[in-house]
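As numbered in the numbering used here, residues 3 to 69 make up the sequence shown, in order. For reference, the structure is listed below as C-alpha cells.
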Amino acid sequence: MLKDFRGKITPETWCAIEAEHRLTGNDHSAIVREILHGWALKKIEESSLLAKLLASEGIDGKAGAGR
C-alpha cells in the first residue's frame, strides 16, 4: 500500500528528477518513490546490522542505557 507524501525539494533535485524523467519517460513520482524506497531499504539494513552488533556487545540499544 502506498502512502501519500508531498514535500518541497531543491531546484537541483528537481532538475535531476526531470532529467531522469526525460531520459526514461518514467513518471516523476515513480522516480522519487524508487529513490526513497532504496534509501529506506538501506536504512533498514543498517539498523538491523547495528542491532546485531549492539547485541553481540551485550548492549540492548535503548537510548540512554548504560549511562
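Glycine is no exception: its CB is placed at the ideal position from the N, C-alpha and C atoms.
Give the straight-line distance between the Cα atoms of residue i and residue j, rounded to the nearest whole angstrom.
i      : j      : result
Ala-32 : Leu-43 : 16 angstroms
Thr-26 : Gly-40 : 18 angstroms
Ile-46 : Leu-55 : 14 angstroms
Lys-10 : Ala-18 : 14 angstroms
Leu-4  : Thr-12 : 24 angstroms
Arg-1  : Ala-57 : Within the shown structure, residues of the chain are numbered from 3 to 69, placing residue 1 beyond reach of any answer.
Arg-24 : Ile-37 : 16 angstroms
Thr-15 : Leu-51 : 30 angstroms
Going by beta-carbon coordinates alone, are residue i and residue j separated by less than 9 angstroms?
i      : j      : result
Gly-63 : Ala-53 : yes
Asn-28 : Glu-22 : yes
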